[in-house]
Amino acid sequence: MGILEVKNVGKRFGGLQALSDVNLSVRENSVHAIIGPNGAGKSTLLNCLVGKLIPDTGSVMFDGQSVLGRAPYEINQMGISRVFQTPEIFGDLSVLENMMIPCLAKRDGSFELNAIANVMSQRDIIETAERMLEEMNMADKRHMNAASLSRGDKRRLEIGMCLSQEPRLLLLDEPTAGMARADTNNTIDLLKQISDERSITIAIIEHDMHVVFSLANRITVLAQGTPLVEDDPENIRGNPKVREAYLGESA
Amino acid sequence: MFGLDKRDTSLLMIVAVLTLFAPFILNPFPTGSGLAQFNAGYPDLMQRFVIFGIFAIGFNILFGLTGYLSFGHAAFLGVGSYSAVWMFKLLSMNVLPAILLSVIISGLFALVIGYISLRRSGIYFSILTLAFAQMSFSLAYSVLTPITNGETGLQLTLDDPRVLGVTATADGSIPVTNLFGLEMRGTYEMVVGPWAFQFNMGYYLCALVLIAAFYLAIRIFRSPFGMMLRAVKSNQQRMNYTGLNSKPYTLAAFVISGMYAGLAGGLMASMDPLAGAERMQWTASGEVVLMTILGGAGTLIGPVLGAGFIKYFENIFSKINDNVLHGWFAILPDGLEDFIVFVVHPFIGKGWHLTLGILFMLVVIYLPGGLVEGGQRIAGWVRGNKKPDAPQSETKPAE
Numbered sequence: 725m726g727i728l729e730v731k732n733v734g735k736r737f738g739g740l741q742a743l744s745d746v747n748l749s750v751r752e753n754s755v756h757a758i759i760g761p762n763g764a765g766k767s768t769l770l771n772c773l774v775g776k777l778i779p780d781t782g783s784v785m786f787d788g789q790s791v792l793g794r795a796p797y798e799i800n801q802m803g804i805s806r807v808f809q810t811p812e813i814f815g816d817l818s819v820l821e822n823m824m825i826p827c828l829a830k831r832d833g834s835f836e837l838n839a840i841a842n843v844m845s846q847r848d849i850i851e852t853a854e855r856m857l858e859e860m861n862m863a864d865k866r867h868m869n870a871a872s873l874s875r876g877d878k879r880r881l882e883i884g885m886c887l888s889q890e891p892r893l894l895l896l897d898e899p900t901a902g903m904a905r906a907d908t909n910n911t912i913d914l915l916k917q918i919s920d921e922r923s924i925t926i927a928i929i930e931h932d933m934h935v936v937f938s939l940a941n942r943i944t945v946l947a948q949g950t951p952l953v954e955d956d957p958e959n960i961r962g963n964p965k966v967r968e969a970y971l972g973e974s975a
Numbered sequence: 003m004f005g006l007d008k009r010d011t012s013l014l015m016i017v018a019v020l021t022l023f024a025p026f027i028l029n030p031f032p033t034g035s036g037l038a039q040f041n042a043g044y045p046d047l048m049q050r051f052v053i054f055g056i057f058a059i060g061f062n063i064l065f066g067l068t069g070y071l072s073f074g075h076a077a078f079l080g081v082g083s084y085s086a087v088w089m090f091k092l093l094s095m096n097v098l099p100a101i102l103l104s105v106i107i108s109g110l111f112a113l114v115i116g117y118i119s120l121r122r123s124g125i126y127f128s129i130l131t132l133a134f135a136q137m138s139f140s141l142a143y144s145v146l147t148p149i150t151n152g153e154t155g156l157q158l159t160l161d162d163p164r165v166l167g168v169t170a171t172a173d174g175s176i177p178v179t180n181l182f183g184l185e186m187r188g189t190y191e192m193v194v195g196p197w198a199f200q201f202n203m204g205y206y207l208c209a210l211v212l213i214a215a216f217y218l219a220i221r222i223f224r225s226p227f228g229m230m231l232r233a234v235k236s237n238q239q240r241m242n243y244t245g246l247n248s249k250p251y252t253l254a255a256f257v258i259s260g261m262y263a264g265l266a267g268g269l270m271a272s273m274d275p276l277a278g279a280e281r282m283q284w285t286a287s288g289e290v291v292l293m294t295i296l297g298g299a300g301t302l303i304g305p306v307l308g309a310g311f312i313k314y315f316e317n318i319f320s321k322i323n324d325n326v327l328h329g330w331f332a333i334l335p336d337g338l339e340d341f342i343v344f345v346v347h348p349f350i351g352k353g354w355h356l357t358l359g360i361l362f363m364l365v366v367i368y369l370p371g372g373l374v375e376g377g378q379r380i381a382g383w384v385r386g387n388k389k390p391d392a393p394q395s396e397t398k399p400a401e
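Chain order of the listed sequences is H and Z.
Those letters in the first sequence? Residues 725 to 975, per this note's numbering, in order.
Those letters in the second sequence? Residues 3 to 401, per this note's numbering, in order.
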């Protein structure tokens with residue numbers, strides 16, 4: 725029984741069957757990659773996991789509880805954090821404030837009318853945020869405006885923000901899309917370090933095979949909205965069906 | 003001091019000094035001199051300065067922090083005024099219960115309107131609030147006449163019950179608004195040489211309320227709640243995926259700013275106990291938007307400056323007429339005098355809106371941060387002249 729269980733999920737947009745009969749089991753503390761060619765339904769599947777879309781059929785269980793019908797913020801409070809393809813951060817706020825917001829969300833829940841206390845008097849929040857910035861090697865940038873960070877730093881910040889909530893499942897949507905090689909490698913190292921040091925499950929959607937094979941210890945291949953195969957990386961590499969559907973183009 | 007850092011304390015002090023010494027600051031020209039018409043230090047106008055300052059401070063909590071542009075805030079001002087006048091009619095002429103009721107009622111009103119309007123964002127939110135405000139205006143004007151007294155406006159009469167006060171004074175007139183006996187209209191005039199400074203009870207009540215309202219706004223801006231509101235403006239998607247429900251945050255901001263508007267409306271009625279539907283009209287809602295943007299949306303002191311600026315224009319510029327102009331340019335040859343008066347004419351008197359509009363456009367185009375940004379640039383320029391290598395990029399956006 726995995727921490728995330730997707731059963732018979734189907735989703736249709738008008739005439740397009742984006743997902744059909746998707747079954748997926750993400751084991752606890754694993755790094756599970758979901759790969760597939762363009763239009764395979766990877767992003768649709770991810771959106772079904774975080775509450776942005778509701779599947780037409782099937783069930784999505786996280787840690788024994790259904791996530792279907794819950795708003796994104798509720799699913800996040802259950803312990804699923806999402807990293808977006810283009811970093812979604814609070815651009816108008818400072819780096820430290822960016823880091824403090826998820827800490828506040830963790831401490832106070834989805835809404836708290838704390839309108840009189842000074843934000844700088846929230847010692848525990850600032851300490852946690854500062855510690856996470858240290859860990860992300862961004863402590864020196866804490867007073868910068870988040871919008872003025874480099875692409876790689878924005879990604880680090882976003883991952884740090886997700887981690888500071890201590891989620892049980894971290895979902896990453898093509899975290900290295902559009903990155904230079906050096907930034908990609910830095911991100912890979914960061915994610916490796918995260919999965920080694922924390923008891924956290926990572927599910928990653930990725931296009932870049934280099935990223936997938938350096939990180940994942942379990943891979944699901946999606947093609948045309950349905951899972952082709954789910955297996956360990958070494959078996960995926962040699963699988964002829966996968967080659968045909970996906971790797972064939974690049975290998 | 004008061005749980006504020008040094009910067010905010012000095013900001014609060016500036017506002018406190020400006021408001022408490024306004025009778026002096028706004029009366030720089032001796033009575034009877036040619037420039038006396040530029041004096042703004044009379045009670046009526048000073049009251050309007052601070053009341054609209056409170057209105058704009060509250061509006062800024064919503065617009066400046068969350069970016070939700072409400073075009074219907076005058077409705078809350080109007081509701082506040084009506085509530086206060088009803089309190090004067092039914093309970094007593096003491097302003098305290100009247101102001102409390104106007105804050106509560108407008109808060110409830112804002113809760114309902116906000117709950118519905120906040121289902122949409124951006125332009126649709128603005129249109130919804132505008133629609134609600136116009137609806138309130140029309141209702142107050144027609145259907146709700148028993149409560150609002152329609153187009154005449156709600157006024158005090160000699161047969162109001164006033165259970166805790168008197169229906170009429172001993173000499174048979176309507177009692178005046180007071181705070182535990184201190185009459186709001188009471189004015190002490192201090193004559194210093196050619197100057198006459200007026201200290202009005204009502205003004206000082208409004209000024210103290212403004213200082214308190216400003217202080218509360220600083221606390222909100224610096225609180226975790228204020229940070230969440232800025233997060234709403236910055237990236238709602240990230241907020242929702244960070245386990246935060248943005249709806250109650252925006253609704254709380256909407257209700258708080260509605261209560262500020264109600265407070266302003268209640269004070270308005272306390273200074274002059276009548277309330278009319280025109281207070282709810284969309285032009286009044288637009289005015290507070292102008293004040294906030296002109297002063298600097300999202301800054302603390304901006305809305306106060308903007309409110310003062312616009313009210314000064316409205317009351318002082320509109321009083322300059324052709325005769326005054328002829329007086330100024332009398333030394334010029336006749337033809338030239340007439341020509342100059344002809345050119346300036348559209349911009350003064352009833353044309354003050356034109357001047358204001360041009361100024362507003364200039365500010366929005368060249369100083370998107372409003373008057374506050376103008377002040378910062380001047381300060382930076384002065385500092386830059388002293389120390390040419392001072393870092394220019396280190397401007398702090400949120401004042």
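Quick reminder that beta carbons are idealized off the backbone N, C-alpha and C, glycines included.
All values derive from a computational prediction rather than experimental measurement.
Legend entry - Minimum Cβ-Cβ distance from Z:ARG122 to chain H less than 8 Å: In the second sequence, residue 122 of chain Z corresponds to position 120, counting from 1. No, its Cβ sits nowhere closer than 8 Å to a Cβ of chain H.
Inset, instruction - Would you give the residue range spanned by the beta strand (DSSP E) that H:PRO951 belongs to? - result: If you number the first sequence from 1, residue 951 of chain H lands on position 227. Looking at the DSSP string, the run of the beta strand (DSSP E) that includes H:PRO951 is 950-955.
Legend entry - Positions along the segment 765-796 of chain H whose CB lies within less than 8 Å of some CB in chain Z: For the segment 765-796 of chain H, which is checked against every Cβ of chain Z, the residues closer than 8 Å are VAL774, ALA795 and PRO796.
Legend entry - Per-residue contacts from Z:ARG221 into chain H (C-beta, under 9 Å): Here the question's residue 221 of chain Z lines up with position 219 in the second sequence. By Cβ distance, chain H contributes ALA839, ILE840, ALA841 and ASN842.
Inset, instruction - Please check if any C-beta of chain H sits within less than 8 Å of the C-beta of Z:ALA112. - result: Counted from its first residue, the second sequence places residue 112 of chain Z at position 110. False, the Cβ-Cβ gap to chain H never drops below 8 Å.
Inset, instruction - With DSSP as the reference, please indicate the residues paired to H:HIS756 in a beta bridge. - result: Counting from one through the first sequence, the residue named residue 756 of chain H turns up at place 32. H:ALA927 and H:ARG942.
Inset, instruction - Note down the Cα distance separating Z:ARG9 from Z:THR189, rounded to an integer number of angstroms. - result: For this step, residue 9 of chain Z is matched to residue 7 along the second sequence. For this step, residue 189 of chain Z is matched to residue 187 along the second sequence. Each residue's alpha carbon lies about 34 Å from the other.
Inset, instruction - State yes or no: is the C-beta of Z:ALA142 within less than 8 Å of the C-beta of Z:ALA279? - result: As a working note, residue 142 of chain Z is residue 140 in the second sequence. As a working note, residue 279 of chain Z is residue 277 in the second sequence. Cβ distance < 8 Å, so Z:ALA142 and Z:ALA279 count as in contact.
Inset, instruction - Apply the 10 Å Cβ neighbour rule to Z:PRO196 and answer buried if 16 or more other Cβ atoms are within range, or exposed otherwise. - result: Start at 1 with the first residue of the second sequence, and residue 196 of chain Z comes out as number 194. Z:PRO196 is exposed by the Cβ-count criterion.
Inset, instruction - Determine the chain Z residues that contact H:ASN800 at a beta-carbon separation under 7 Å, and present them in chain order. - result: As a position in the first sequence, residue 800 of chain H is number 76, starting the count at 1. Taking the beta carbon of H:ASN800 as reference, the chain Z residues within 7 Å of it are TYR243, THR244 and GLY245, listed in sequence order.
Inset, instruction - Kindly indicate if chain H contains any beta-carbon less than 8 Å away from that of Z:PHE227. - result: Residue numbering aside, residue 227 of chain Z sits at position 225 when the second sequence is read from its first letter. By this cut-off, Z:PHE227 is an interface position.
Inset, instruction - Rank H:HIS867, H:CYS886 and H:PRO957 by C-alpha distance to the C-alpha of H:ALA756 and give the top, closest one. - result: As a first step, residue 756 of chain H is located in the first sequence; it is residue number 32 there, counting from the start. It is worth fixing the name first, because residue 756 of chain H is His in this sequence and not Ala. Out of H:HIS867, H:CYS886 and H:PRO957, H:PRO957 has the C-alpha closest to the C-alpha of H:HIS756.
Legend entry - Segment contact flag, the segment 73-86 of chain Z with the segment 265-284 of chain Z, C-beta cutoff 8 Å, min 3 pairs: The answer is yes - the segment 265-284 of chain Z touches the segment 73-86 of chain Z, with three or more Cβ pairs under 8 Å.
Legend entry - Pick from H:GLY788, H:MET802 and H:ASP780 that is closest to H:ALA742, judged by C-alpha positions: Position 18 of the first sequence, counting from 1, holds the residue named residue 742 of chain H. Here the closest residue by C-alpha is H:ASP780.
Legend entry - Contacts that H:GLN889 makes with chain Z (C-beta to C-beta distance below 9 Å): Reading the first sequence from its first residue, position 165 is the one you call residue 889 of chain H. Neighbours of H:GLN889 across chain Z, judged by C-beta separation under 9 Å: THR244 and GLY245.
Legend entry - Z:MET273 versus Z:ALA214 - alpha carbon distance: Mapped onto the second sequence, residue 273 of chain Z falls at position 271. Mapped onto the second sequence, residue 214 of chain Z falls at position 212. The straight-line gap from Cα to Cα measures roughly 18 Å.
Inset, instruction - Might you give, ordered along the chain, the residues of its own chain that have their beta carbon closer than 6 Å to the beta carbon of Z:LEU166, omitting 5 neighbours on each side? - result: Taking the second sequence and counting its residues from 1, one reaches residue 166 of chain Z at position 164. Counting only Cβ-Cβ distances below 6 Å, and skipping sequence neighbours, we find LEU93 and SER94.
Inset, instruction - State whether the segment 244-262 of chain Z contacts the segment 116-129 of chain Z, with contact taken as three or more CB pairs (one from each stretch) at a distance under 8 Å. - result: In short, these stretches touch, since the Cβ pair count reaches three.
Inset, instruction - Using a cut-off of 8 Å between C-beta atoms, extract the partners of H:LEU817 located in chain Z. - result: Here residue 817 of chain H is taken as the residue at index 93 of the first sequence, counted from 1. Simply MET229, ARG232, ALA233 and SER236.
Inset, instruction - Could you tell me whether any non-hydrogen atom of the ligand ATP is closer than 7 Å to the CB of H:LEU896? - result: The model on display carries no ligand, and the ligand ATP is accordingly not part of it.
Legend entry - Z:ASN247 vs H:SER888 beta-carbon contact at 8 Å: Position 245 of the second sequence holds residue 247 of chain Z. Position 164 of the first sequence holds residue 888 of chain H. One thing to note: Z:ASN247 has its Cβ no nearer than 8 Å to the Cβ of H:SER888.
Legend entry - C-alpha distance - Z:ASN96 paired with Z:GLU185, whole-angstrom precision: Counted from its first residue, the second sequence places residue 96 of chain Z at position 94. Counted from its first residue, the second sequence places residue 185 of chain Z at position 183. Within the model, the alpha-carbon separation for Z:ASN96 versus Z:GLU185 is close to 9 Å.
Inset, instruction - Determine the burial state of Z:VAL291: buried for a count of at least 16 other Cβ atoms within 10 Å of its Cβ, exposed for fewer. - result: For the purposes of this step, residue 291 of chain Z is taken as the residue at position 289 of the second sequence. Counting Cβ neighbours within 10 Å, Z:VAL291 comes out buried, since at least 16 surround it.
Inset, instruction - Please decide whether Z:TYR314 counts as near chain H, where near means a Cβ-Cβ distance under 8 Å. - result: As a position in the second sequence, residue 314 of chain Z is number 312, starting the count at 1. Z:TYR314 does not count as touching chain H.
Legend entry - Distance between H:GLN809 and H:VAL791 (C-alpha atoms, nearest Å): Taking the first sequence and counting its residues from 1, the one referred to as residue 791 of chain H is at position 67. Taking the first sequence and counting its residues from 1, the one referred to as residue 809 of chain H is at position 85. Rounded to whole angstroms, the separation of the alpha carbons of H:GLN809 and H:VAL791 is 22 Å.
Inset, instruction - State buried or exposed for H:MET844, treating a residue as buried only when at least 16 other CB atoms are found within 10 Å of its CB. - result: Numbered from 1 along the first sequence, position 120 holds the residue referred to as residue 844 of chain H. Exposed, since its Cβ has fewer than 16 Cβ neighbours within 10 Å.
Legend entry - For Z:LEU67 and Z:GLN394, the rounded distance between their alpha carbons: On the second sequence, residue 394 of chain Z is found 392 positions in, with the first residue counted as 1. On the second sequence, residue 67 of chain Z is found 65 positions in, with the first residue counted as 1. Note that Z:GLN394 scores 42 on pLDDT, short of 50, meaning its location in the model is unreliable; the coordinates nonetheless yield the value given after this. If I take the Cα positions, the gap works out to 25 Å.
Legend entry - Residue closest to H:VAL936, alpha-carbon to alpha-carbon, out of H:MET725, H:ILE758 and H:ALA947: Within the first sequence, residue 936 of chain H is the residue found at index 212, counting from 1. Minimum Cα distance to H:VAL936 is reached at H:ILE758.
Inset, instruction - Please go through the same chain and pick out, in chain order, the residues whose beta-carbon is closer than 7 Å to the beta-carbon of H:LEU817, but skip the five residues on each side of it. - result: Numbered from its first residue, the first sequence carries residue 817 of chain H at position 93. Within the same chain, H:LEU817 has close Cβ partners ALA870.
Inset, instruction - Give me the Cα-Cα distance between Z:ILE56 and Z:ASN41, rounded to the nearest whole angstrom. - result: Numbered from 1 along the second sequence, position 54 holds the residue referred to as residue 56 of chain Z. Numbered from 1 along the second sequence, position 39 holds the residue referred to as residue 41 of chain Z. Those two C-alpha atoms are separated by around 22 Å.
Inset, instruction - Could you work out which residue in Z:LEU14, Z:GLY245, Z:GLY260 and Z:VAL87 is closest to Z:PRO177 when comparing CA atoms only? - result: Residue 177 of chain Z sits at position 175 when you count from the first residue of the second sequence. Of the residues Z:LEU14, Z:GLY245, Z:GLY260 and Z:VAL87, the one whose Cα lies closest to the Cα of Z:PRO177 is Z:VAL87.
Inset, instruction - Reducing DSSP to helix, strand and coil, say where Z:TYR205 ends up. - result: In the second sequence, residue 205 of chain Z corresponds to position 203, counting from 1. Of the three classes helix, strand and coil, the one that applies to Z:TYR205 here is helix, per DSSP.
Inset, instruction - Give me the Cα-Cα distance between Z:PHE331 and Z:ALA135, rounded to the nearest whole angstrom. - result: Within the second sequence, residue 331 of chain Z is the residue found at index 329, counting from 1. Within the second sequence, residue 135 of chain Z is the residue found at index 133, counting from 1. Just so you know, the alpha carbons of Z:PHE331 and Z:ALA135 end up roughly 45 Å apart.
Legend entry - Close-in-space but distant-in-sequence residues of the same chain around H:GLU812 (CB under 8 Å, 5 per side omitted): For this step, residue 812 of chain H is matched to residue 88 along the first sequence. Here the set comprises GLU882.
Inset, instruction - Please report the Cβ distance between Z:ALA2 and Z:GLY260, rounded to the nearest whole angstrom; I am assuming they are in contact, meaning their Cβ atoms lie under 8 Å. - result: Given that chain Z is displayed from residue 3 to residue 401, the structure contains no residue 2 of chain Z and the question cannot be resolved.
Legend entry - Three-way DSSP call (helix, strand, coil) for Z:PHE344 in this model: Against the second sequence, residue 344 of chain Z aligns to sequence position 342. Z:PHE344: helix per DSSP, three-state reduction.
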